[in-house]
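Asks:
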Amino acid sequence: QKGIAKEIEKANEEITFQTSIRKDMAALLENYTCADETLNTTEAKSTNFWRNRHKVSVLIDRPASKIHAIENFITEEECQAVEAQAEPLLHDATVADGSGGSKLSESRKAKQ
Numbered sequence: 009q010k011g012i013a014k015e016i017e018k019a020n021e022e023i024t025f026q027t028s029i030r031k032d033m034a035a036l037l038e039n040y041t042c043a044d045e046t047l048n049t050t051e052a053k054s055t056n057f058w059r060n061r062h063k064v065s066v067l068i069d070r071p072a073s074k075i076h077a078i079e080n081f082i083t084e085e086e087c088q089a090v091e092a093q094a095e096p097l098l099h100d101a102t103v104a105d106g107s108g109g110s111k112l113s114e115s116r117k118a119k120q
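Structure follows, in structure tokens:
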């Protein structure tokens with residue numbers, strides 16, 4: 009019985025450790041969204057102007073990942089024209105499958 013109790017104690021310690029790691033990792037994640045304007049988005053780290061007419065909000069600016077939002081970059085009509093040209097070339101985006109490959113996901117709505 010002591011052996012089983014010791015194993016359970018070790019397992020609980022590992023679970024506690026893993027929980028701590030996941031909570032620490034979650035605290036490092038940033039809340040940003042792209043397409044759903046009803047959801048909260050990351051506060052801009054800075055705001056600049058491009059060509060003195062387009063407001064640029066810098067949301068994430070890291071060496072490996074950058075998200076800069078440019079207001080009024082193109083008109084609604086220009087956006088629709090780009091979408092129409094790209095639509096036949098796009099397919100559902102995939103996510104990593106944990107074994108080096110990728111798979112479709114029910115929750116992923118992006119196209120690539």
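Going by the working numbering, the first residue of the sequence shown is number 9, and it counts up by one from there.
Even glycine gets a Cβ: it sits at the ideal position worked out from N, Cα and C.
Since we're looking at a predicted model, the values are computed, not measured.
(1) When the Cα atoms are used, what is the spatial distance from Leu112 to Ile16?
(2) Kindly give me the distance between the Cβ atoms of Lys119 and Leu98, rounded to whole angstroms, as I take these residues to be in contact under 8 Å.
(3) Compute the beta-carbon to beta-carbon distance between Thr50 and Val64, rounded to the nearest angstrom, for a pair I have assumed lies under 8 Å.
(4) Given Ala104, which residues of its chain have a CB within under 7 Å of its CB, disregarding the five upstream and five downstream residues?
(5) What beta strand (DSSP E) runs, 3 residues minimum, are completely inside the segment 93–120?
(6) Check the DSSP bridge columns for Lys63 and list the partner residues they point to.
Replies: The structure says:
(1) Indexing the sequence shown from 1 puts residue 112 at position 104. Indexing the sequence shown from 1 puts residue 16 at position 8. About 37 Å.
(2) As a first step, residue 119 is located in the sequence shown; it is residue number 111 there, counting from the start. As a first step, residue 98 is located in the sequence shown; it is residue number 90 there, counting from the start. Right, the Cβ-Cβ distance comes to about 4 Å (below 8 Å), so this counts as a contact.
(3) Start at 1 with the first residue of the sequence shown, and residue 50 comes out as number 42. Start at 1 with the first residue of the sequence shown, and residue 64 comes out as number 56. Rounded, the Cβ-Cβ distance is 14 Å, inconsistent with contact.
(4) Indexing the sequence shown from 1 puts residue 104 at position 96. Excluding positions up to five away in sequence, the list reads Ser110.
(5) 102–104, 110–112
(6) Walking along the sequence shown from the start, residue 63 turns up at place 55. DSSP, once it has assigned bridges, lists Phe57 as partnering Lys63.
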